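Residue numbers (our numbering), protein chains in the order written: chain A, 315 to 491; chain B, 902 to 1264.
Below: the structure, in structure tokens.
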Amino acid sequence: MLDRLRAGDPRAFEDLVLAYQHRVFAVAYRMLGSRAEAEEAAQEVFLRVHRGLAAFRGEAKLSTWLFAITSRLCLSCLASGTAQMERARESEMALANLANPGGGAPEQLERLETEAALHQAIAELPAERRIVVILRDLEGLAYEEIADSLGLTLGTVRSRLHRARMELKKRLEKVLA
Amino acid sequence: MICDEVRALFSDVADARLAPGEKEAWDAHLTTCAECRDEWASFGLTLDLLHSLPRQRASIGFVERVMAAAYPEARFRRIARRRFVPLRLKLPLQAAALVLVVMGAGYLVQRTAELQLAMRDVGPQPYAPPTPPAPGPETAASVETATSRPEPVAPSPGVPKEDALSARAKPRSKGRTDLKKAASETTAGSVQTKAETPQGDASEAIPAPGAQGLEAPPSSRTIEVSRFERELSALRAAVEPAVVGWLAVEDRDTAERALAGLVNQVGATEFGRQAAQVRLVLELNIPRVQYLGFTRGLAGIGSWMPRDRLMPPSLEALFTRIVSTGVVSTDARESAHDQTPLEEPVDTGVLMQVYVIVRSQAR
């Protein structure tokens, strides 16, 4: 597939987008907190991949390269503050949905409440920790892949991941208590 | 191992990254510390919740949008192919377009003089004698047409000025008309000659070079026409002049001598000469490759105005152009300025009308 991608085969690129669209979008959504921002970022990620395929040497896994671009783009987006207003608006909408669930089983309401709390807890993590926990616990990347994607050492990845998990545990305990 | 050390290893234990020795020490502490067990349980629940979060999915059409952004042209072609131009329409459209292109090219060739000239090849062709016209009213009409031909001769006092002017201001197709008239003249002569020479064959109908009016050519020519003359006659009948122009000169004799030298120099062939009082109608056959040199030579002899380039809207305009070169008399210039029909410029200038046929093959 990599050879076809390098040769500029549109079908190969379409296959790549099909295979990774949801994963890239999910990372962007968890990082940015807004569907619109996440879609825009995910599209930009694939366009950057498309432009950079000729220069991709294949030393890392293609997925690692994809998540590296996604992570850097999201962090850059957050640093510029472009996604904050939209993220705040969508968080308010999620809380409003929880306040007016419109009926349903108690178990379903409890699950939705827990998901919203977790979503909120993730969103309140510092960005450099949030990206690590997203890549590890939501996307299942190995420590080494996370380190390659973010350009960090394994120790830094381990440290940031543990702190992020402990913060999430602490926030969830307050909600679930 | 104390509690803080155990809790710091929660992630490593959860991800199975502890060394076997560390794991045993961590397990031993956990069995004895209830607080750490509760912390570990809470930590595990947090991870379970994280792992159970539903996967966010990109919206429908995301791939299409990415592909459209990455391959804008390919996207356009794909839409056009699938939606606007299906195969059942595309094939007839392409066939129709091909036919239109071919027809357009043919029309261009027919309508563009330069292309027509380039495609014309009037090299040596097998002689096909013209069909003798049937005697009758048509022949008489042809004879009458031939006798009233105003072009080669000076306008007689009996001819109205307008006729003389319009005869000289004929459009480019006049050359073909003249040749047809000449053919009619020759045909009329041939008819007359035929009566005199009953043993005449098909070559009797071939016009002799420079044949004029109803005057019959010598009988020796009607019987034995040289191959050269036959080719010239066929050429005159088949080809209209490629270039018709006017050459205004100061002195006619000098110009004629210079023109004869130029004709020899460029390898041209003179196949028609009609001398009038103030004009000389000269018909030349010039190899195409020599035409440029010929026009340069003409420029050295006098003021050469090829009609296909000048294209005067009227005869007055043509004469005004000549007046501007200072060839004709003051009286003529004033007449031209007054927009009145012009007299023949007889005072100081001589006009030579030169017919030039550009051939693709040198003779």
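Built from N, CA and C at the ideal position, the CB exists for glycine as well.
Note that the structure is predicted; figures quoted are calculated from it, not measured.
- Interface criterion not met: the Cβ of Thr1196/B is under 9 Å from no Cβ in chain A.
- Contact note: Asp451/A reaches chain B through Leu948, Leu951, His952, using a C-beta cutoff of 8 Å and chain order.
- Measuring C-alpha to C-alpha distances from Arg1189/B to each of Ala1200/B, Val1002/B, Ala1169/B, Arg1197/B identifies Ala1169/B as the nearest.
- Per DSSP, the continuous alpha helix (DSSP H) segment holding Cys391/A begins and ends at 376-394.
- It is roughly 19 Å from the alpha-carbon of Leu389/A to the alpha-carbon of Tyr457/A.
- In the three-state reduction of the DSSP assignment, Gln335/A falls in the helix class.
- Assigned with DSSP and collapsed to three states, Gln1011/B falls in helix.
- Distance from the Cα of Glu358/A is smallest, within the candidate group Ala437/A, Ala393/A, Val331/A, for Val331/A.
- As DSSP reads the structure, Ser1204/B sits in a beta bridge with Ala1149/B.
- For Gln995/B, the closest Cβ of chain A is not nearer than 9 Å.
- DSSP places Thr428/A inside the alpha helix (DSSP H), whose first and last residues are 420-437.
- Between the stretch 933-944 of chain B and the stretch 955-973 of chain B, the count of C-beta pairs closer than 8 Å stays below three; the two stretches do not touch.
- Distance from the Cα of Ser960/B is smallest, within the candidate group Ser385/A, Ala374/A, His336/A, Arg344/A, for His336/A.
- In terms of beta-carbon proximity, Phe370/A stays away from the interface with chain B, with every pair separated by 9 Å or more.
- The shortest CA-to-CA distance from Leu464/A to any of Arg371/A, Glu442/A, Ser473/A, Leu361/A is the one to Glu442/A.
- For Phe370/A, there is no enclosing alpha helix (DSSP H), as DSSP gives it neither H nor E.
- For Cys904/B, the enclosing alpha helix (DSSP H) begins and ends at 904-909.
- Separation of Thr1196/B and Met1004/B (C-alpha to C-alpha, rounded to the nearest whole angstrom) is 35 Å.
- Taking a 10 Å sphere around the C-beta of Leu1163/B, we find 16 or more other C-beta atoms and assign the residue as buried.
- Against chain A, the CB of Arg938/B has no partner CB under 9 Å away; the residue lies outside that interface.
- In the DSSP secondary-structure assignment, Gln995/B is not bridged to any residue.
- Interface annotation, Pro324/A: in contact with chain B, CB-CB separation under 9 Å.
- Under the three-state reduction of DSSP, Glu925/B is assigned to helix.
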